[in-house]
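Structure, as structure tokens:
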Amino acid sequence: MPHLEVIPFEINSPQRNMNIDTELTEESFKEGKFSFRWYGWDCLSLSFGYSQKGLYSSYEVDIPKVLRPTGGGILLHGWDISYALATPPGIFKSPLQLYRFVSSIFVETFKELGIEVTFSRNKRGEYRQRELCQLFPTFGEVTYKGKKLVASAVRELKKGNYLIHGSIYVAYNPTLAGKYLKADPFRLKNTVATLLELKIRKKTLMETFVKNLKKKLEIPGKSY
Numbered sequence: 462m463p464h465l466e467v468i469p470f471e472i473n474s475p476q477r478n479m480n481i482d483t484e485l486t487e488e489s490f491k492e493g494k495f496s497f498r499w500y501g502w503d504c505l506s507l508s509f510g511y512s513q514k515g516l517y518s519s520y521e522v523d524i525p526k527v528l529r530p531t532g533g534g535i536l537l538h539g540w541d542i543s544y545a546l547a548t549p550p551g552i553f554k555s556p557l558q559l560y561r562f563v564s565s566i567f568v569e570t571f572k573e574l575g576i577e578v579t580f581s582r583n584k585r586g587e588y589r590q591r592e593l594c595q596l597f598p599t600f601g602e603v604t605y606k607g608k609k610l611v612a613s614a615v616r617e618l619k620k621g622n623y624l625i626h627g628s629i630y631v632a633y634n635p636t637l638a639g640k641y642l643k644a645d646p647f648r649l650k651n652t653v654a655t656l657l658e659l660k661i662r663k664k665t666l667m668e669t670f671v672k673n674l675k676k677k678l679e680i681p682g683k684s685y
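Using our numbering, the letters of the sequence shown correspond one by one to residues 462 to 685.
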């Protein structure tokens, strides 16, 4: 199994975060290794999926915005912690296989921390109409009591070389979220589960996930 490089947690600007995720994916392809990192955002900002270039260009908002190298809809950042896993060629056969692999580790991690989570069965709905990634759980996403807990997106950048990244909210302000997502705050109130609600420290979540990722990849050694 290829080597796993775990990058220490750091907080960066929106554009820098997306640049790092792209660079790590390129390195994984060239060097035949896995790269993983947890990271934060230095300001409230919006990210758009790579297929939303038109919406990204026309979307007027008074906070920074950035295009992700992966798909999905609009995500609001600044109250979340994000993760990225870049894979070398020849390990996963499809984006869906990688998505399921990472989601299963999140399920195992939350259960280890005493939280019962499930996979969403929603295959279609308002998410597609509104183009908002975080509001309506889509098929296979990790949820808590029907609320989205882990928002993820995956894309094959080169043959067999994938990037999956996503976010988990530490806290959430539906009033401000409504302003920036141009949505009804009342409808946003109970759509997202947070670590504050679950009473989980972000450091505990990050360390437990990395430990379980190493175990799944059969890589020896302690988590950071």
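Yeah, the Cβ is synthetic: ideal placement off N, Cα and C, and Gly gets one too.
Since the model is a prediction, treat every value here as computed from it, not as a measurement.
Inset, instruction - Reducing DSSP to helix, strand and coil, say where Phe490 ends up. - result: In this structure, Phe490 counts as helix in the three-state DSSP scheme.
Inset, instruction - Name, in chain order, the residues that DSSP records as bridge partners for Ser565. - result: Looking at the DSSP assignment, Ser565 forms no beta bridge with any residue, so it has no partner.
Legend entry - Distance between Phe580 and Lys491 (C-alpha atoms, nearest Å): Each residue's Cα considered, the two are about 33 angstroms apart.
Inset, instruction - Note down the Cα distance separating Gly621 from Ile576, rounded to an integer number of angstroms. - result: Taking the straight line joining both Cα atoms gives about 33 angstroms.
Inset, instruction - Spatial neighbours of Arg591 within its chain, please: CB distance less than 6 angstroms, with the 5 preceding and 5 following residues excluded, ordered by chain position. - result: For Arg591, the predicted model reports a pLDDT of 46, less than 50, meaning its position is unreliable and no value from the coordinates is stated.
Legend entry - Contact set for Pro525: own chain, Cβ-Cβ below 7 angstroms, skip 5 residues either direction: Only residues of its own chain outside the window of five on either side were considered, and among them Pro475, Cys504 and Ser506 have a CB closer than 7 angstroms to the CB of Pro525, listed in chain order.
Legend entry - Nearest-angstrom Cα separation, counted from Thr483 out to Ile625: One Cα belongs to Ile625, the other to Thr483, and the distance between them is close to 10 angstroms.
Legend entry - Phe553 - containing beta strand (DSSP E), residue span: Premise fails: Phe553 is in no beta strand (DSSP E) and is neither H nor E.
Inset, instruction - Buried or exposed for Lys606, please, with buried defined as at least 16 other CB atoms from any protein chain shown within 10 angstroms of its CB. - result: For Lys606, the number of other beta carbons within 10 angstroms of its own is below 16, and it is reported as exposed.
Inset, instruction - List the DSSP bridge partners of Ser508. - result: In the DSSP output, where bridge partners are listed per residue, Ser508 has Val527 and Leu536.
Legend entry - Sequence-distant residues of the same chain with beta carbon closer than 7 angstroms to Val563, five excluded per side: Excluding sequence positions up to five before and after Val563, its CB lies within less than 7 angstroms of the CB of Leu546, Ser613 and Ile625, all in the same chain and listed in chain order.
Legend entry - Alpha-carbon spacing of Lys494 relative to Arg648, whole angstroms: Rounded to the nearest angstrom, the two C-alpha atoms are 42 angstroms apart.
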